[in-house]
Amino acid sequence: MKRYFLSSLLLLPFFFTNMASAQDTLDKYLSSHAYPIDMKDPGGGPGCSILAGKLGGYRVIMLGEGGSHELEFYFDLRSTLLEQLNKRLGVHSFVMEYGSALAVLLNRYLETGDTGCLPPIAHPGFMRFLRELYIYDHSPATLQPIRTVGLDFERTGTYFKALRLLMPSSPAPEPIKNEIEMIKNSSDSMDCDALIRIDKYLKHSLEEKQPAYVQYLGRSYTAVSDIITNPGLCNSRLKNRNFHLVERFEHFDSQYRDSIYFCELGEAHVNFILKNASWLLDMDKNSPFFHRVAVINVYCDNCETPVEKVSNWSFGSLQKDIESRFLPYCRSDFTLFDLTASDDPAIGRFAASGQFLLIVKGLH
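As structure tokens, then:
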């Protein structure tokens, strides 16, 4: 026992020296790899330049929504990143945690500017984001107009509104006459159970009578099929949807074949450590995205609102270290930490969550 105790004492200086060395390494690295993202800078600030330079070879850029889906700063942040990634990397598709039906409605607005095709939008920040994106899409600055892609489940308020928008004005052929009439006459305010019943009927009809749908819908067939065949519906909100998100991502990539996508999801679907949608896309050897997913995790410091407590739960035990080690190097509202330039375990511990960490201070 005495021998073991003495041996342990002899090891203590080695342990504390190594721990101090790891902290010094981390501090030195962070001090030279912290970059502000500036919404007022036409180029987005040094953070956007670093991102553009580091993202070559990736096919998916995933931005996490740290703490909440609805914080006000997300709308300006996504506008800045989308514009810069479009200009610098040719990003054309903005992939969202919404259903295909909402994507159809948003894309019609982005094409025409007609707000009548939009569902009721409660958050003014989201409407502001759409207006800015519409202006950008129709400006000389865009390389290619940005479209939205909806990966998630379908909701009652958008399902039939989008399907009606895609229907031709001509009469439906006899084999699907009842189905088209049902779509045109269904209420956007129906409850979830009713939507589930009708959707089940339409799924079966689409499978059995596909030639009639193709003939009637023409170019709109694919978009209609994307909505009806979506396995996620309004009863999926509290389910584990990571496998569903991956399946839908690969489904849309088979249609679009974009060289690179920008995707914004809740942090629960983005942080690699949670082995979620981002991890599944990145680790599947049979996926076109194998080892080609770049993650930008978002950590909110002091972002609480009077009605919403913001949690950074997805970072687990790293939270305290992020607060003590990273925050001292945050000298702006948005600070991007590039974690890709070192193989040191002290940095790798954080890089295991994602290649980049964006810390937001004091915004709501």
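Everything in the sequence shown is counted per the working numbering, starting at -16 for the first residue and increasing by one.
The beta-carbon is built from N, C-alpha and C at its ideal position, and this holds for glycine as well.
ask   = Any idea what DSSP makes of F(-2), helix, strand or coil?
value = Only weak support exists for where F(-2) lies, its pLDDT of 45 falling under 50; the value from the coordinates is given anyway. In this structure, F(-2) counts as helix in the three-state DSSP scheme.
field: Reference L178; option with closest CA among T141, K258, Q198 and I305
entry: T141
Quick one: any contact between the segment 39 to 49 and the segment 87 to 101, if contact means 3 or more CB pairs under 8 Å? Contact fails: fewer than three Cβ-Cβ distances are below 8 Å.
- Item | Distance, D327 Cα to L126 Cα | 38 Å
Using a 10 Å radius around the Cβ and a threshold of 16 neighbouring Cβ atoms, would you call Y239 buried or exposed? exposed
task: Flag this pair as touching only if the segment 225 to 239 and the segment 47 to 64 have three or more C-beta atom pairs under 8 Å; answer yes or no.
output: no
Exercise. Determine the contact status of G133 and S83, defining contact as a CB-CB distance below 8 Å.
Key: Cβ distance < 8 Å, so G133 and S83 count as in contact.
- If you count every other CB in all the chains shown that lies within 10 Å of the CB of V197, and 16 or more means buried, which is it? Counting other Cβ atoms within 10 Å of its Cβ, V197 stays below 16 and is therefore classed as exposed.
According to DSSP, residues forming a beta bridge with A17: F320
- Task: Go ahead and pull the three-state DSSP assignment for D120.
- Result: helix
Return the bridge partner residues of M45 from the DSSP annotation. C246 and V278
I think I211 touches L185, with their Cβ atoms under 8 Å apart; what is that distance to the nearest whole Å? 5 Å
| said: Residues in the same chain with beta-carbon distance under 7 Å from S297, minus the five sequence neighbours each way, listed in chain order, please. | reply: The residues are E250, A251, N254 and L257.
Check: Between which two residues does the beta strand (DSSP E) harbouring S76 extend?
Finding: S76 to M79
Quiz prompt | Residue of K344, L346 and F339 minimising C-alpha distance to H16 | solution = F339
Assuming T139 and M110 form a contact by the criterion Cβ under 8 Å, report the distance between their Cβ atoms to the nearest whole angstrom.
Not really, about 21 Å apart at Cβ, beyond 8 Å.
Q | Rounded Cβ spacing between E137 and N213 (contact assumed at less than 8 Å) | A | 5 Å
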